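Written below as structure tokens is the structure these notes are about.
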Amino acid sequence: MRTMREWRDLIRDAKVEAAGEEGPFGLALARRLDGLALELMRSRPDLREMSLDEWLVEHMGALPTETRKIGEAILAAYDEDPGTGENPTP
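In case it helps, my numbering puts the sequence shown at residues 1146 to 1235.
Written out as structure tokens, the structure reads:
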């Protein structure tokens, strides 16, 4: 299993790679984040895969705190404003 720092680096790298790709930033980033979400869920083959947000809620009791934090960081990256790297205010 990767460390929290390694996961954060992967999320950052996904943003950098998506910014350098032609086409809409959001789609490029989503593809990369989808891959990270799948990797995280597959690290627990004993738990059924679903969308990442559902997976975190459904298996909350079975997941260590670090795994939940990684999942939350991936979810937050989906919502970031590509221009600023920050979550937009509703």
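Built from N, CA and C at the ideal position, the CB exists for glycine as well.
These numbers were taken from a predicted model, which means no experiment stands behind them.
Whole alpha helix (DSSP H) runs in the segment 1151-1230 with 4 or more residues, listed along the chain? 1170-1187, 1197-1203, 1210-1224
Tell me whether MET1149 sits in a helix, a strand or coil according to DSSP, three-state version. helix
If you count every other CB in all the chains shown that lies within 10 Å of the CB of ARG1177, and 16 or more means buried, which is it? buried
Under 8 angstroms, do ALA1218 and ARG1150 count as touching if we go by C-beta distance? no
Which value, in whole angstroms, describes the spacing of the CA atoms of ARG1213 and LEU1155? 16 angstroms
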